[in-house]
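The structure appears below as structure tokens.
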Amino acid sequence: MDTEVHLPERDRADAAERRDERSRFGVRTQRYALLVVAAAAVVALVNVFVAQPFEIPSGSMENTLRAGDRVLVNKLAYRFGGMPARGDVVVFDGGGSFVQGSGGTDFVKRVVGVGGDRVTCCDNRGRITVNGRPLDETYLYPGDTPSRVAFDIEVPKGRLWVMGDHRADSRDSRDHLGDPGGGTVPVDKVIGRAEATIWPLGRRRSLDGAHG
Numbered sequence: 039m040d041t042e043v044h045l046p047e048r049d050r051a052d053a054a055e056r057r058d059e060r061s062r063f064g065v066r067t068q069r070y071a072l073l074v075v076a077a078a079a080v081v082a083l084v085n086v087f088v089a090q091p092f093e094i095p096s097g098s099m100e101n102t103l104r105a106g107d108r109v110l111v112n113k114l115a116y117r118f119g120g121m122p123a124r125g126d127v128v129v130f131d132g133g134g135s136f137v138q139g140s141g142g143t144d145f146v147k148r149v150v151g152v153g154g155d156r157v158t159c160c161d162n163r164g165r166i167t168v169n170g171r172p173l174d175e176t177y178l179y180p181g182d183t184p185s186r187v188a189f190d191i192e193v194p195k196g197r198l199w200v201m202g203d204h205r206a207d208s209r210d211s212r213d214h215l216g217d218p219g220g221g222t223v224p225v226d227k228v229i230g231r232a233e234a235t236i237w238p239l240g241r242r243r244s245l246d247g248a249h250g
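Just add 38 to the spot in the sequence shown (first one is 1) and you have my numbering.
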């Protein structure tokens with residue numbers, strides 16, 4: 039006995055159309071999922087290798103940067119032979135220099151001296167000098183002196199002397215003179231150069247003018 043159900047031609051066409059629609063929906067869903075995964079991978083790669091937002095944790099860089107600001111850090115600035123320069127605002131891993139023991143903490147400071155520089159505080163007018171030349175530190179927090187701590191250090195090759203712009207509120211190279219490295223930071227611990235403030239919106243600006 040023949041038990042096969044014969045659907046009317048219109049019903050067969052509708053069923054086939056529904057199957058096709060489900061198939062197309064599945065393909066679209068897969069494409070969207072792949073796009074999301076690809077976009078996430080691109081963002082992750084950019085964060086790891088190219089640029090990354092960084093939140094300013096304290097007021098040690100005021101008024102150049104304020105607590106809560108988010109800056110875009112260029113991780114390629116010192117790749118391919120590039121080196122930090124005096125005046126650059128950099129983010130670095132302070133493990134082994136500013137923080138002893140395992141696990142590093144990220145800091146943001148301004149480069150005052152590079153390898154081979156002699157950095158001294160202060161001359162008879164209260165200015166920090168680098169290789170005998172006084173710095174014109176227009177970026178200092180209003181009312182701050184260049185430093186209340188006297189120092190005279192020759193920066194080793196491959197290391198940096200860094201300070202915050204808000205000198206009265208910054209723990210920086212001056213506070214680690216007695217630590218390994220004499221307060222200097224290894225160049226290979228630098229994560230990148232701060233290029234721009236991206237948040238809050240009212241403070242968005244390039245930091246090109248903030249570099250020395």
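Using N, Cα and C, we set each Cβ at its ideal position, and we do this for glycine too.
Where does residue i land, buried or exposed, given buried means 16+ other C-beta within 10 angstroms?
| i | result |
| --- | --- |
| N112 | buried |
| V187 | exposed |
| A82 | With a pLDDT of 42 at A82, under the threshold of 50, the modelled position of this residue cannot be trusted; read the value that follows with caution. When all chains shown are included, A82 counts as exposed. |
| S185 | buried |
| D239 | Residue identity differs from the one stated: residue 239 is Leu in this sequence, not Asp. Exposed. |
| E100 | buried |
| F118 | exposed |
| R257 | Within the shown structure, residues of the chain are numbered from 39 to 250, placing residue 257 beyond reach of any answer. |
| G291 | Given a span of 39 to 250 for the chain in the structure shown, any question on residue 291 remains unanswerable. |
| D246 | exposed |
| T176 | exposed |
Can you list, in chain order, the residues of its chain whose CB lies under 7 Å from that of residue i, leaving out five sequence neighbours each side?
| i | result |
| --- | --- |
| S208 | S98, M201, G202 |
| A77 | Confidence in A77 is poor, its pLDDT being 45 and thus under 50, which makes the residue's placement unreliable; the coordinate value appears in the next sentence. Here the set comprises nothing. |
Take residue i and list the residues in its own chain whose beta-carbon comes closer than 6 Å to its own, dropping the five residues that flank it on each side.
| i | result |
| --- | --- |
| Q90 | V111 |
| K227 | F130, D131 |
| G167 | Per the sequence shown, the amino acid found at residue 167 is Thr instead of Gly. Here the set comprises T158, D161. |
| V109 | F92, A232, T235 |
| W237 | R108 |
| H204 | G97, S98, E100, Y179 |
Using CA coordinates, which residue listed in the options is at the minimum distance from residue i?
| i | options | result |
| --- | --- | --- |
| F189 | L178, T102, A206, H214 | H214 |
| V157 | Y177, R197, G134, F130 | R197 |
| P180 | D107, A206, R163, P122 | A206 |
| S211 | A234, P122, F145, D174 | F145 |
| R124 | T143, R163, V137, D174 | D174 |
| L178 | S96, L103, I94, S135 | L103 |
| D217 | R148, T143, F136, V150 | F136 |
| G120 | T143, G134, W237, I229 | I229 |
Ordered along the chain, which non-local residues of its own chain (more than five positions away) have a Cβ less than 8 Å from that of residue i?
| i | result |
| --- | --- |
| F87 | Because the pLDDT at F87 is just 43, under 50, the model does not fix this residue reliably, and the point stays unresolved. |
| I94 | L103, R104, A105, G106, D107, R108, V109, V146 |
| N169 | D155, R156 |
| R116 | It should be noted that the sequence gives Tyr, not Arg, for residue 116. The answer, listed in chain order, is P122, V225, V228, G230, R231. |
How close, in whole Å, do the beta carbons of residue i and residue j come, if the pair is a contact with beta carbons under 8 Å?
| i | j | result |
| --- | --- | --- |
| R231 | D107 | Contact doesn't hold; Cβ gap of about 15 Å is too wide. |
| V128 | V152 | Rounded, the Cβ-Cβ distance is 11 Å, inconsistent with contact. |
Q. Okay, do the stretch 188-199 and the stretch 211-227 touch, 3+ Cβ pairs below 8 Å being the bar?
A. yes
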